[in-house]
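S.K.: Numbering (full-length UniProt numbering), first residue to last: 1 to 153. Supplied in structure tokens, the structure appears directly below.
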Amino acid sequence: MIKGLYEAHLPVSDMQRSIDFYRKLDLELAYQSERVVFFWLEKGKSWLGLWKTNQVEIPYHPSIRHVALQIDIGDMPSAKDWLKNRGIDIRPFFNFTEGQQPLVLDNNPQAHAAIYFDDPDGNVLELIAPLRLDFEGSFGEMSLEDWYKRFPI
1 MIKGLYEAHL PVSDMQRSID FYRKLDLELA YQSERVVFFW LEKGKSWLGL
51 WKTNQVEIPY HPSIRHVALQ IDIGDMPSAK DWLKNRGIDI RPFFNFTEGQ
101 QPLVLDNNPQ AHAAIYFDDP DGNVLELIAP LRLDFEGSFG EMSLEDWYKR
151 FPI
């Protein structure tokens, strides 16, 4: 029945500034009106809606104002430079500094590498790549560099 997640939505205060930012992420603009724009994440399968509002100052919690964008694990080592080259700063997250990211989260039995950053309105965005979907046991959180030292390919 359910085949996937088709759309997610984030609040933004300045539509043009947000359009410019999300275009820097190489997302394709799918639809635009005065109050909402949609960017394709995967054309025809999933998109991200940005809604213009004056109420973007919602306190952050991982369950709201947070979208994870999947990338290939092979792209993770260059992802920080890819963001920096677009003028996007890495956000400290889970007590990991910019220098310690990508980080690996212990979401047993899955292990994912991730880098966190903000859009212009403070919505938290994440580049995420699956490492293993069958990990047994707990390993805690660590940098991707430490992951490869501890669990060589």
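By construction, the Cβ of each residue, glycine as well, lies at the ideal position given by its N, Cα and C atoms. Source: prediction; values computed, not measured.
Identify which residue in P59, Q70, F117, V56 has its Cα closest to the Cα of L83.
M.R.: L83 has its Cα closest to that of F117, out of P59, Q70, F117, V56.
S.K.: Beta carbon of D119, beta carbon of S18: below 8 Å?
M.R.: Yes, they are a contact pair.
S.K.: Can you tell me the Cα-Cα spacing of D26 and D134, whole angstroms?
M.R.: In a straight line, the C-alpha of D26 is about 31 Å away from that of D134.
S.K.: Could you tell me whether the Cβ atoms of I128 and A79 are closer together than 8 Å?
M.R.: Going by C-beta atoms, I128 is not nearer than 8 Å to A79.
S.K.: Sorted by chain position, which residues of the same chain lie with C-beta nearer than 6 Å to Q110's C-beta, five sequence neighbours on each side aside?
M.R.: Taken in chain order, the residues that qualify are L133.
S.K.: If you run the structure through DSSP and keep just helix, strand and coil, what is E98?
M.R.: In the structure shown, E98 sits in a helix (DSSP, three-state: H, G or I).
S.K.: Just list the residues that DSSP pairs L41 with in beta bridges.
M.R.: Its beta-bridge partners do not exist; DSSP assigns none.
S.K.: Less than 7 Å between C-beta atoms, sequence neighbours within five positions excluded: which residues of the same chain meet that for E141?
M.R.: Closer than 7 Å at Cβ, skipping near neighbours: F94, L103, V104, L105, D106.
S.K.: Measuring alpha carbon to alpha carbon, tell me which residue in M1, L48, L144 is nearest G74.
M.R.: Checking every option, the nearest Cα to that of G74 belongs to L144.
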